[in-house]
Amino acid sequence: MMSLRKHPALKIGLAFLIVLLLNIQPNWKPLQDDWRVLRGSTSFTGDSYRAISDAYARQPWNADWAQSAGFAALAVGDYAAAQTALQKTASLKGWTPELHIALGDAYQGQGLSDQAVTEWETALPDHLTDTALLTKLARVYENKGRYPEAAAVLRTLVALEPDNAFAQYRFGVVLSVIDPPSAPAHLALAAGLDESVQPFAESLSQAVAAGLDADDPAYMAGVIGYTLIGLQEYPLAKASLLNAVSDRPDFAEAHAYLGLAEDRLGGDGLDSYERALALDDTLPLAHYLLGLHHRRKGDNDAAIAELKRAFDLDPANAAAAAELGSAYAELNNLQEAESWYIQAVNVASEDANFWVLLSQFYLDHEIRIEDAALATAQKAYELAPNLAEANDALGYAYYLNGSFKFAEEFLLKAQSLDGRSARINFHLGLMYLDTNRPDEARQALNAAASLDAGGPIAEAAIRALTTRLGGPSPTP
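Going letter by letter, the sequence shown gives residues 2 to 477 in my numbering.
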């Protein structure tokens, strides 16, 4: 049986997964979620909505006022009122396809997707070329795991809008699970229409090609599921991996990745990890993923045992070494933590991400600031000068060493690369505090607190604001 890990076509997929599991964001433009259902109008003001509602309240028997009130309520997001008014309209003058669509939107706005689908499906025969309606249906079908129906709607949508890159991409992604050989054509079209889709489309196309080369349906489903995890398409990944283990119940790697998909969906992948290890206790992947599972559950002792086993079985797994470093750091065993972070950079000496993690360890614990912290940050920057985390580590290292000029240079560059990083904004805020720029400090620290709401960085930012600037700015 071919291993998922060893196929040459999976190099891109492997990179995605390592990045995902380390919680380091790759440096590509993320896909925008074009599935958001647009309301029918944004021209209504609060006053105009109230005027229409008042007129309807005075003449509730007037179908035109009822309809206007329903559409106005929908436009301003008052979905319960929209539902009531639209149903009243239908009782007064009968149903139309447009009323079914609008009522579906009102249901969807209230989170009642089953009722929304019923209304949209009722309207569809009269609106077969309505791309907005097709998009709504495709979205909800996919969210509900009704992939054949999603594919059917997307097929119609791309026929109507062949230049719609997002629709082509979604069609290709869904097809990769239910009809893999048909997926690459649409993924290629999407990549050609929008370069931001290209890395996603190419990695998934490579996975399909790997499966076709192997001529093994279970392997194909497994490798596609694995790649979909890397693309953060967790529901589809789970569906593909379930296909894999259904076709081959002894497919240990697929069981392990199924556990990861279940974890990422907010479930519990423990049974799948244990099944994988029951099938093959020497599988490093399963021990590694089970270690990550225990880390997410806050059980660092159990995690360490699994991660050490994973590293023993695969000494080239820098990610396992880095996770061990993090686990020991959380247990306040800083000597062991440092040892494992160093092991990670020894294994992957040309990967800036692991140098960043080692540097962050020194910086966060304020140890070896003058030598190792600065040197490891410089190494990360040397390897990846446009990596936000590397610039942040180097800037913060300079800050802790009192070199504010260099600190500002690299922290500002880090912010320009990733303005939504709470960590970067926090470090920038501290630098502004110590260079007597309270306005800039307040702005950066408020941003850090907002971006990490409820987290440790937010807590530290609020503490800095309170002790140095009298408190955070009030929320607008």
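Backbone N, C-alpha and C define an ideal beta-carbon position, used for all residues, glycine too.
The segment 187-201 makes no contact with the segment 243-255; the number of CB pairs closer than 8 Å stays below 3.
Taking all protein chains in view, the Cβ of L291 is crowded by 16 or more other Cβ atoms within 10 Å, so the residue is classified as buried. With contacts defined as CB atoms closer than 9 Å, L75 and A117 fail to qualify as a contacting pair. The residue among A320, D106 and N334 with its C-alpha nearest the C-alpha of A345 is A320. Contact between the segment 94-101 and the segment 122-135 is present: three or more C-beta pairs spanning the two stretches fall below 8 Å. In the structure shown, the three-state DSSP call for N347 is helix. By the criterion of a C-beta distance shorter than 7 Å, A166 is surrounded in its chain by A191, L194, D195 and V198, once the five residues flanking it on both sides are discounted. Here DSSP, grouped into helix, strand and coil, assigns E143 to helix. Runs of the alpha helix (DSSP H) lying entirely within the segment 236-265 and spanning at least 4 residues, in chain order: 253-265. One alpha carbon belongs to D453, the other to W356, and they sit about 24 Å apart. The DSSP-derived three-state label of I425 is helix.
E367 sits in coil when the DSSP states are folded into three classes, being neither helix nor strand.
In the displayed model, P61 falls within coil according to three-state DSSP, outside both helix and strand. In the structure shown, E196 falls within a helical segment according to DSSP collapsed to helix, strand and coil. Per the coordinates, the alpha-carbon of Q111 lies some 15 Å from the alpha-carbon of Q88. Excluding the 5 residues flanking it on each side, Y108 has same chain C-beta neighbours closer than 6 Å at Q116 and A117, in chain order. Cβ atoms of I230 and V178 stay farther apart than 8 Å, at about 13 Å. In the structure shown, the three-state DSSP call for W356 is helix. Within the segment 416-474, not a single complete beta strand (DSSP E) segment reaches 3 residues in length.
In summary, W341 is buried, with 16 or more beta-carbon neighbours lying within 10 Å of its beta-carbon over all protein chains present. Counting along the chain, no alpha helix (DSSP H) covers W96, and no H or E run does either.
When secondary structure is reduced to three states using DSSP, L395 falls in the helix class. Annotation for P285: the continuous alpha helix (DSSP H) segment containing it runs P285 to R297. For Q169, the enclosing alpha helix (DSSP H) stretches over residues A166 to I179.
Secondary structure note for T157: its alpha helix (DSSP H) is the uninterrupted segment Y148 to L161. Each residue's CA atom was taken as its position, placing Y258 and A381 some 30 Å apart. When rounded, the separation of the alpha-carbon atoms in Y220 and L278 is 18 Å. For the 9 Å CB-CB criterion, E390 and S422 form a contact. For the options T132, T85, Q60 and A306, the alpha carbon positioned closest to that of F72 is the one of T85. Straight across, the Cα-Cα distance linking L401 with N301 is about 30 Å. In this model, V348 and P200 are separated by some 26 Å (Cα to Cα).
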